[in-house]
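**Q** Please see the structure below; I have some questions.
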Amino acid sequence: MNSIVEWLVVITISIMSNDGVLSPKTYEIVSRSDFAMCSLVKADIDFIFRNPYQTVVIKGDCTTVSEYEKQKIGVMVYE
Numbered sequence: 044m045n046s047i048v049e050w051l052v053v054i055t056i057s058i059m060s061n062d063g064v065l066s067p068k069t070y071e072i073v074s075r076s077d078f079a080m081c082s083l084v085k086a087d088i089d090f091i092f093r094n095p096y097q098t099v100v101i102k103g104d105c106t107t108v109s110e111y112e113k114q115k116i117g118v119m120v121y122e
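If you count by my numbering, then the sequence shown holds residues 44 to 122, one letter each, in order.
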């Protein structure tokens, strides 16, 4: 059986308080993509921004729709 793989770009943004005053927050942005864009995102999006008060981590990843759905039961993926 020959099936087409559906790719997703997953960008995760985590915000943490350096002094522990606030609880950490994590946000996830998900978008359908092709393999070329997934490869670019996975290779190029990894940033850490830090100031005296907070640290922000931005991470890009790539996965298939089926793998993402296994990890995120009950989460909707929008086109």
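C-beta atoms are modelled at their ideal positions from N, C-alpha and C, and glycine is treated no differently.
#1: According to DSSP, simplified to helix, strand and coil, what is Glu112?
#2: Between which two residues does the alpha helix (DSSP H) carrying Val84 extend?
#3: Counting pairs of beta carbons, one from the region 109-116 and one from the region 93-101, are three or more of them closer than 8 Å?
#4: Take Arg75 as the anchor and find which of Tyr111, Asp89, Leu51 and Ser60 has the nearest alpha-carbon.
#5: Below 8 Å on the Cβ atoms is my guess for Glu49 versus Thr107; work out the distance and round it to an integer in Å.
#6: Leaving out the 5 sequence neighbours to the left and right, which residues in its chain are closer than 6 Å to Val99 when beta-carbon positions are compared?
**A** Result, derived from the coordinates:
#1: Along the sequence shown, one-based indexing puts residue 112 at 69. Reduced to three states, the DSSP call for Glu112 is helix.
#2: In the sequence shown, the residue the question calls residue 84 occupies position 41. Val84 -> alpha helix (DSSP H) spans Phe78 to Asp87.
#3: In short, these stretches do not touch, since the Cβ pair count stays below three.
#4: On the sequence shown, residue 75 is found 32 positions in, with the first residue counted as 1. Nearest option by C-alpha distance: Leu51.
#5: Along the sequence shown, one-based indexing puts residue 49 at 6. Along the sequence shown, one-based indexing puts residue 107 at 64. That pair is a contact at about 6 Å.
#6: Walking along the sequence shown from the start, residue 99 turns up at place 56. Closer than 6 Å at the Cβ level, and outside the excluded window around Val99, lie Ile58 and Phe92.
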